[in-house]
Amino acid sequence: MKFFVAALVLLALSLSVSAQSSEPEGVACKSPSDCPKGTTCVIEQMRYSLPSCKPLLKKGESCRPGAPWRSSSEYYYPNGKKVKVEGIYVTIPPCEEGLECKRPMGVCE
């Protein structure tokens, strides 16, 4: 009987721990402020991509004119996992501070 009660307690504890970790593993950031200086939070546009810290674009690097696109949303993953993000960049990070993505070439200058 003691074994049965102990097993039930362990099962309840494991269920409560798994319920608390509703985020998928590997989420590096949820907002740009979560990343170290010189980097920002970016999510790719591929299915089940996870947000990660990527370097800001340097002078001469390719960028997206008229962007960057930002997202404040919840992203859903298999097994009911989800992550809520605030103001992260989609696909391409912005240019470093003081640089601008110039048209028509799409280069940080």
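Positions -19 to -1, 1 to 90 (mature numbering (1 follows the signal peptide of the UniProt record, and there is no 0)) are the ones given, in order, by the sequence shown.
Don't be surprised by glycine CBs; every beta carbon is placed ideally from N, CA and C.
Of the candidates E4, E6, T72, T72 places its Cα closest to the Cα of S43. For the set R28, I24, K40, the Cα lying nearest the Cα of C34 is the one of I24. Between Y58 and P5 the beta-carbon gap is near 5 Å, inside 8 Å, which marks them as a contact. For S43, DSSP records a beta bridge to V88. Shown here for T20: same chain residues with a beta carbon closer than 7 Å to its own, the five before and five after excluded, namely C34, K35, P36, L37 in chain order.
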